[in-house]
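**Q** Going by our numbering, the first residue of the sequence shown is number 1, and it counts up by one from there. Pasting a structure here, questions to come.
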Amino acid sequence: MLTAKLRIAQSDCTLANFDENLERHCTLSEQALRDGADAIVFPELSLTGYNVQDAAQDIAMHIEDARLAPLRELSRKITIICGSIELSEEYGVYNSALMFEDGTGRSIHRKIYLPTYGMFEELRYFSAGQQIKAVNSKRLGRIGVAICEDFWHVSVPYLLAHQGAKLLLVLMSSPLRLSPGSGNPAIVTQWQTIASTYAFLFSSYVACVNRVGNEDSFTYWGNSSLTGPDGSVIGAAPLFEPHILDAVLDFAEIKRTRLHSSHFLDEDLRLIAAELNDIIVQRPQ
1 MLTAKLRIAQ
11 SDCTLANFDE
21 NLERHCTLSE
31 QALRDGADAI
41 VFPELSLTGY
51 NVQDAAQDIA
61 MHIEDARLAP
71 LRELSRKITI
81 ICGSIELSEE
91 YGVYNSALMF
101 EDGTGRSIHR
111 KIYLPTYGMF
121 EELRYFSAGQ
131 QIKAVNSKRL
141 GRIGVAICED
151 FWHVSVPYLL
161 AHQGAKLLLV
171 LMSSPLRLSP
181 GSGNPAIVTQ
191 WQTIASTYAF
201 LFSSYVACVN
211 RVGNEDSFTY
221 WGNSSLTGPD
231 GSVIGAAPLF
241 EPHILDAVLD
251 FAEIKRTRLH
261 SSHFLDEDLR
271 LIAAELNDII
281 VQRPQ
């Protein structure tokens with residue numbers, strides 16, 4: 001695979017209204033298909049809304065649920081990655097990333113780091129994911145997916161990149177946090193720094209897909225972006241408004257970047273594993 005056309009759908013959603021959100025996903029996916037996109041990516045919990053609280057158990061659905069059939073059907077021609085509340089086979093409730101491709105759907109990541117500080121209380125309503133696994137996509141190649149807070153833990157993109165992911169996707173529902181001073185809010189600058197740093201260190205594409213709109217007391221700021229393997233921003237969506245961001249992923253750029261600087265390829269995984277094991281053994285329980 002040499003190139004892929006990715007559409008980032010910086011969109012709003014309606015809290016706890018699956019039918020309305022599904023219709024929006026189908027409309028945007030159909031438009032992306034007409035425009036020649038290979039794949040479209042939506043924000044965190046895009047099918048359900050973020051602040052569902054105790055309703056999470058009622059909203060959760062299995063990946064094979066019949067209500068997801070329209071996305072499965074559309075995926076015969078375009079890859080769709082979106083966020084939803086997933087019900088596992090064991091009846092666990094997860095904040096998950098779902099991928100629909102070639103007529104089938106699968107859960108490709110369950111959010112691991114569920115924030116419980118400040119305005120957040122996710123651990124009250126969701127179980128934490130227990131795996132960090134890159135996956136193969138017919139149209140995007142090997143990808144790694146994280147969900148919002150996961151990307152604030154360097155181990156997540158580190159492991160995904162070393163499993164061969166050349167595109168790191170971050171599904172986000174990041175709300176505005178008021179800060180003093182002028183210019184961009186601090187959280188916007190922090191996310192830009194994180195994306196550029198990981199893209200450069202792992203010589204990979206990083207796509208941040210954030211939502212917009214208002215939900216209860218939350219205001220989501222958008223500014224979704226694609227960062228290239230040299231750490232430079234290829235494209236960014238505006239703040240606070242719905243936007244479609246298209247980008248062509250040229251995987252030859254990853255080859256050129258890694259040949260120019262081999263810091264990613266030189267990583268000693270056996271050394272890291274041994275040192276981590278020592279830390280775990282020595283750490284007090």
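Glycine included, each C-beta is placed from N, C-alpha and C at the ideal position. Nothing here was measured: the structure is a model prediction, and the numbers come from that model.
Measure the Cβ-Cβ separation of Ile244 and Leu28 and say whether it is below 9 angstroms.
**A** Position 244 of the sequence shown, counted from the start, is the residue given in the question as residue 244. Position 28 of the sequence shown, counted from the start, is the residue given in the question as residue 28. The answer is yes: Cβ separation under 9 angstroms.
**Q** What are the start and end residues of each continuous alpha helix (DSSP H) run of 4 or more residues lying completely inside the segment 14–56, in chain order?
**A** Here the runs fully enclosed are 18–34.
**Q** Between Leu276 and Arg270, what straight-line distance do the alpha-carbon atoms span, to the nearest angstrom?
**A** As a first step, residue 276 must be located in the sequence shown, where it is residue number 276. As a first step, residue 270 must be located in the sequence shown, where it is residue number 270. If you take the alpha carbons of Leu276 and Arg270, they lie about 10 angstroms apart.
**Q** Looking only at its chain, what residues have a beta carbon closer than 6 angstroms to the beta carbon of Ala9, apart from the 5 residues adjacent to it on each side?
**A** As a working mapping, residue 9 is identified with position 9 in the sequence shown. The residues are Leu28, Ile40 and Phe42.
**Q** Give the list of continuous beta strand (DSSP E) stretches no shorter than 3 residues that lie fully inside the segment 89–145.
**A** For the segment 89–145, whole beta strand (DSSP E) runs of length 3 or above, ordered along the chain, are 93–101, 104–110 and 135–137.
**Q** In this structure, what does DSSP give as the bridge partners for Val188?
**A** The count along the sequence shown starts at 1 and reaches residue 188 at position 188. Bridge partners of Val188: none, in fact.
**Q** What residues in its chain sit with their C-beta under 6 angstroms from that of Gln57, if we drop five residues either side in the sequence?
**A** Position 57 of the sequence shown holds residue 57. Around Gln57: Val93.
**Q** Drop a sphere of 10 angstroms on the beta-carbon of Asn214, count the other beta-carbons inside from all chains shown, and report buried for 16 or more, exposed for fewer.
**A** As a first step, residue 214 must be located in the sequence shown, where it is residue number 214. Asn214 comes out exposed.
**Q** In this structure, what does DSSP give as the bridge partners for Gly222?
**A** In the sequence shown, residue 222 corresponds to position 222, counting from 1. DSSP lists Leu239 as partners of Gly222.
**Q** Under 7 angstroms Cβ to Cβ from Arg142, same chain only, skipping five residues before and after it: list those, please.
**A** Numbered from 1 along the sequence shown, position 142 holds the residue referred to as residue 142. So the list reads Ala134, Asn136, Gly164, Ala165 and Lys166, once near-sequence residues are dropped.
**Q** So for Val154, helix, strand or coil by DSSP?
**A** Looking up residue 154 in the sequence shown gives position 154. Three-state DSSP puts Val154 in coil, outside helix and strand.
**Q** Name the two residues that bound the continuous beta strand (DSSP E) containing Glu215.
**A** Reading the sequence shown from its first residue, position 215 is the one you call residue 215. Segment Val212 to Glu215, the beta strand (DSSP E) holding Glu215.
**Q** Since Asp38 and Lys5 are thought to touch, with beta carbons under 8 angstroms apart, how far apart are those beta carbons, to the nearest angstrom?
**A** To locate residue 38, count along the sequence shown from 1; it is residue 38. To locate residue 5, count along the sequence shown from 1; it is residue 5. Right, the Cβ-Cβ distance comes to about 5 angstroms (below 8 angstroms), so this counts as a contact.
**Q** For Gly144, which option in Ser127, Leu169 and Phe120 has the closest C-alpha, if you only look at C-alpha atoms?
**A** Here residue 144 corresponds to residue number 144 of the sequence shown, with the count starting at 1. Nearest C-alpha to Gly144: Leu169.
**Q** Bridge partners of Arg7, per DSSP?
**A** In the sequence shown, the residue the question calls residue 7 occupies position 7. Answer is Ile40 and Asp246, bridged to Arg7.
**Q** Let me confirm a value: Ala236 is counted as buried when at least 16 other C-beta atoms fall within 10 Å, else exposed. Which label applies?
**A** Locating residue 236 in the sequence shown gives position 236, where the first residue counts as 1. Ala236 is buried by the Cβ-count criterion.
**Q** Among the residues of its own chain, which have a CB less than 8 angstroms from the CB of Pro180, if the five just before and after it don't count?
**A** What you label residue 180 is simply residue 180 of the sequence shown in a count that begins at 1. Below a pLDDT of 50, predicted positions are generally treated as unreliable, and Pro180, at 47, falls in that range; the measurement from the model is reported next regardless. Excluding sequence neighbours, Pro180 sits near nothing in its chain.
**Q** Checking 9 angstroms against the spacing of the C-beta atoms, do Thr104 and Ser84 come in under that value?
**A** For the purposes of this step, residue 104 is identified with residue 104 of the sequence shown, where counting begins at 1. For the purposes of this step, residue 84 is identified with residue 84 of the sequence shown, where counting begins at 1. Cβ distance not < 9 angstroms, so Thr104 and Ser84 don't count as in contact.
**Q** Starting from Ile63 and walking both ways along the beta strand (DSSP E), at which residues does that stretch end?
**A** Translated into positions along the sequence shown, residue 63 becomes position 63. It is not in any beta strand (DSSP E) - Ile63 carries neither H nor E in the DSSP assignment.
**Q** Could you check the C-alpha separation between Leu33 and Pro70 for me, to the nearest Å?
**A** Residue mapping note: residue 33 aligns to position 33 of the sequence shown, counting from 1. Residue mapping note: residue 70 aligns to position 70 of the sequence shown, counting from 1. Each residue's alpha carbon lies about 14 angstroms from the other.
**Q** What does the alpha-carbon distance come out to for the pair Leu249 and Glu30?
**A** Position 249 of the sequence shown holds residue 249. Position 30 of the sequence shown holds residue 30. Cα to Cα, Leu249 sits roughly 21 angstroms from Glu30.
**Q** Taking all protein chains shown into account, do 16 or more other C-beta atoms lie within 10 angstroms of the C-beta of Ser155, making it buried, or fewer, making it exposed?
**A** As a first step, residue 155 is located in the sequence shown; it is residue number 155 there, counting from the start. When all chains shown are included, Ser155 counts as exposed.
**Q** By Cβ distance, which residues of its chain are closer than 6 angstroms to Asp268, with the 5 residues on each side in sequence left out?
**A** Looking up residue 268 in the sequence shown gives position 268. Once the five neighbours on either side are set aside, Asp268 has no close Cβ partner at all.
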